[in-house]
Amino acid sequence: MSQANIHLPKDHDQAGKATGASSVVLVCEHASYHIPAVFDGLGLSQADRKSHAAWDPGALAVAQHMAHHLNAGLVAARVSRLVYDCNRPPSSADAMPARSEVIDVPGNRNLSPSSRQARIDAYCHPFRDAVRRAIQRVSDPIIVTVHSFTPVYYGKPRVVEIGILHDSDTRLADAMLNIAPAHTACKVERNQPYGPEDGVTHTLKEHAISAGYLNVMLEIRNDLISTARQQKAVAAMLSKWLVEAVSQMPVPGDLRCRA
């Protein structure tokens with residue numbers, strides 16, 4: 346599945362594509378670069394509409410392959426994060442950013458309270474509800490969010506290749522970091538290239554930490570998942586890594602990885 350062939354999911358809730366037998370719930374908040382016609386492209390150029398500012402390239406494909414390997418449910422956002430960033434609370438300015446890195450977003454400037462609320466109602470609330478439904482379907486949920494990041498940010502190269510992110514609950518992140526060398530030769534770092542102070546752990550806080558569920562956020566440098574082959578390979582690697590990490594923890598259930 347190449348990035349060019351990733352289409353907008355018709356529904357936030359992708360869990361029906363897996364049997365949901367495992368405890369894992371995968372979440373991909375930045376799955377799509379779709380900007381509904383009503384927003385007139387947010388005033389962006391065609392290139393900017395499909396840039397990393399608009400979505401996380403490769404992340405949805407990786408999440409879909411992981412859903413297969415883990416027999417897990419998947420919830421994927423259906424609009425660009427520039428329309429509404431489903432990994433931010435409605436109160437955050439970054440939920441509808443007027444600027445993303447070096448890209449101005451004219452369609453997000455000076456939004457009225459009613460315009461902001463319309464987007465919250467149309468995109469934030471349905472996504473939040475889809476995540477809640479997916480969690481309610483399983484016992485002892487393990488929440489895993491899947492993201493990608495650009496190799497160059499504000500003109501500076503990023504050395505980190507895979508980030509294992511957490512907020513106040515470090516259990517699953519610690520377990521994954523402890524066994525990282527056994528699963529990948531990539532440069533793996535804790536809370537990089539972002540961390541809780543950047544506001545990126547909203548989904549974890551809202552849906553996992555508040556309920557005591559195991560959770561982790563995965564960040565993959567997008568040049569490592571730019572082709573279908575890379576996406577499949579990275580998804581398989583991450584799935585096996587996650588399964589081993591969970592197996593070493595005192596948690597109920599039996600998480601397995603399918604070939």
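So for the sequence shown, my numbering puts the first residue at 346; every next one is plus one. For every residue, glycine included, the Cβ atom is placed at its ideal position computed from N, Cα and C. Just so it is clear, the structure is predicted and the values come from calculations on it, not from any experiment.
Check your understanding: Does DSSP classify Arg535 as helix, strand or coil?
Key -> In the sequence shown, counting from the first residue as 1, residue 535 sits at position 190. Note: Arg535 maps to strand in three-state DSSP.
**Study point:** Spatial distance of Ser390 from Arg503 (CA atoms)
**Key:** Within the sequence shown, residue 390 is the residue found at index 45, counting from 1. Within the sequence shown, residue 503 is the residue found at index 158, counting from 1. Straight-line Cα distance between these residues: approximately 25 Å.
Check your understanding: Taking C-alpha atoms, which residue in Ala527, Cys431, Ile480, Phe384 lies nearest to Lys585?
Key -> Taking the first residue of the sequence shown as position 1, residue 585 is located at position 240. Nearest of Ala527, Cys431, Ile480, Phe384 to Lys585, Cα basis: Ala527.
Check your understanding: Can Pro381 be considered in contact with the ligand COA, in the sense that its beta carbon sits closer than 7 Å to one or more heavy atoms?
Key -> As for the ligand COA, it is missing from this structure, which has no ligand bound.
Check your understanding: Going along the chain, which residues of its own chain have a beta-carbon closer than 7 Å to the beta-carbon of Gln575, five neighbours each way excluded?
Key -> Numbered from 1 along the sequence shown, position 230 holds the residue referred to as residue 575. Closer than 7 Å at the Cβ level, and outside the excluded window around Gln575, lie Leu569.
Exercise for review: Pick helix, strand or coil for Val497, following the three-state DSSP scheme.
Suggested key: Indexing the sequence shown from 1 puts residue 497 at position 152. Three-state DSSP puts Val497 in a strand.
Check your understanding: Between His413 and Arg601, what straight-line distance do the alpha-carbon atoms span, to the nearest angstrom?
Key -> For this step, residue 413 is matched to residue 68 along the sequence shown. For this step, residue 601 is matched to residue 256 along the sequence shown. The straight-line gap from Cα to Cα measures roughly 11 Å.
Check your understanding: By Cβ distance, which residues of its chain are closer than 7 Å to Thr495, with the 5 residues on each side in sequence left out?
Key -> On the sequence shown, position 150 is the one that residue 495 refers to. For Thr495, where only same-chain residues beyond five positions count, the Cβ hits under 7 Å are His397, Asn567.
Exercise for review: Compare the beta carbon distance of Val450 and Ala440 with 8 Å and say whether it is the shorter of the two.
Suggested key: If you number the sequence shown from 1, residue 450 lands on position 105. If you number the sequence shown from 1, residue 440 lands on position 95. Cβ atoms of Val450 and Ala440: not closer than 8 Å.
Check your understanding: Exposed or buried, Met594, counting other C-beta atoms within 10 Å across all chains shown (16 or more means buried)?
Key -> Mapped onto the sequence shown, residue 594 falls at position 249. Label assigned to Met594: exposed.
Review point. Bridge partners of His492, per DSSP?
Key: In the sequence shown, residue 492 corresponds to position 147, counting from 1. DSSP, once it has assigned bridges, lists Glu564 as partnering His492.
Check your understanding: Just the Cα atoms here: how many angstroms apart are Ala530 and Ala580?
Key -> Taking the sequence shown and counting its residues from 1, the one referred to as residue 530 is at position 185. Taking the sequence shown and counting its residues from 1, the one referred to as residue 580 is at position 235. If you take the alpha carbons of Ala530 and Ala580, they lie about 15 Å apart.
Exercise for review: For Pro597, count neighbouring C-beta atoms within 10 Å of its own C-beta (all shown protein chains included) and say buried if the count is 16 or more, exposed if not.
Suggested key: Against the sequence shown, residue 597 aligns to sequence position 252. When all chains shown are included, Pro597 counts as exposed.
Check your understanding: Helix, strand or coil: which one does DSSP assign to Cys431?
Key -> Within the sequence shown, residue 431 is the residue found at index 86, counting from 1. Three-state result, Cys431: coil.
Review point. Exposed or buried, Gly500, counting other C-beta atoms within 10 Å across all chains shown (16 or more means buried)?
Key: Within the sequence shown, the letter at position 155 stands for residue 500. It counts as exposed.
Practice item. With a threshold of 16 other CB atoms inside 10 Å of the CB of Pro458, please say whether the residue is buried or exposed. Key: Translated into positions along the sequence shown, residue 458 becomes position 113. So Pro458 counts as exposed.
**Study point:** Per DSSP, cross-strand counterpart(s) of Gly386
**Key:** By 1-based counting over the sequence shown, the position of residue 386 is 41. In DSSP, Gly386 forms no bridge with anything.
Check your understanding: Anyone know if the C-beta pair for Ile488 and Asp514 falls short of 8 Å?
Key -> As a working mapping, residue 488 is identified with position 143 in the sequence shown. As a working mapping, residue 514 is identified with position 169 in the sequence shown. No, they are not a contact pair.
Review point. Going by alpha carbons, who is nearest to Arg516 out of Val476, Val561, Leu405?
Key: As a working mapping, residue 516 is identified with position 171 in the sequence shown. The residue with the shortest Cα to Cα distance from Arg516 is Val561.
**Study point:** Tyr378 versus Ala590 - alpha carbon distance
**Key:** Position 33 of the sequence shown, counting from 1, holds the residue named residue 378. Position 245 of the sequence shown, counting from 1, holds the residue named residue 590. Roughly 32 Å between the two C-alpha positions.
Point to revise | Element boundaries [alpha helix (DSSP H), containing Leu549] | key: Residue 549 sits at position 204 when you count from the first residue of the sequence shown. Unbroken alpha helix (DSSP H) run through Leu549: 547-552.
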